[in-house]
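Have a look at the structure below before the remarks.
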Ligand SMILES: [Ca+2]
Ligand SMILES: [Ca+2]
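Residue numbers (this note's numbering): 288 to 437.
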């Protein structure tokens with residue numbers, strides 16, 4: 288569920304689609320009540336397998352929320368959250384997480400470090416022991432804020 292773009296008071300729905308041939312990932316946004324397509328956001332890194340999409344409160348000041356896509360490149364081990372503006376599709380921030388993790392989930396949480404930007408929490412299965420790890424990073428700066436091991 289993402290912010291109400293159509294302004295009819297109901298939440299809108301964002302769907303993640305990946306073209307198996309090109310690897311291109313597209314986020315489609317539709318009105319949850321009427322199923323009307325509202326927008327699509329493209330441009331996400333085609334070399335990663337998309338794992339999860341989360342909405343993040345506006346970071347670049349255009350009053351439209353951002354969509355953070357958790358992606359994994361199994362060949363290089365690269366784990367990223369690619370944050371794009373839901374209106375312009377412009378890249379707002381790319382946040383890098385530990386390469387030794389297999390990403391499982393991504394959520395956004397309220398601002399922890401007081402810079403007004405929400406944080407991203409990546410849950411991964413990490414290291415040789417595949418221990419569960421939660422990594423908290425600022426969605427705007429990418430700064431590491433917390434690291435929890437389970
Ligand atoms: Ca924005
Ligand atoms: Ca923050």
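Glycine is no exception: its CB is placed at the ideal position from the N, C-alpha and C atoms.
Computed from a predicted model, the values in this text were never measured in an experiment.
Query - Nearest candidate by alpha-carbon position, reference residue 306, set 314, 299 and 300 - result: 314
Requested in this report: Starting from the C-beta of residue 435, find all residues in its chain whose C-beta is less than 6 Å away, skip the five residues before and the five after it, and write them out in chain order.
Outcome: 421
Requested in this report: Run the proximity test for residue 353: is its beta-carbon closer than 6 Å to any non-hydrogen atom belonging to ligand 2?
Outcome: no
Report task. With a threshold of 6 Å, establish whether the CB of residue 349 neighbours any heavy atom of ligand 4. Result -> Only ligand 1 and ligand 2 can be found as ligands here, which leaves ligand 4 out of the picture.
Requested in this report: Figure out for me which residue from 398, 310, 350 and 428 has the closest Cα to the Cα of residue 332.
Outcome: 310
Report task. Compute the Euclidean distance between the alpha carbons of residue 293 and residue 407, then round it to the nearest angstrom. Result -> 26 Å
Query raised in the report: What residue from 323, 319, 370 and 347 has the CA that sits closest to residue 337's CA?
Result: 370
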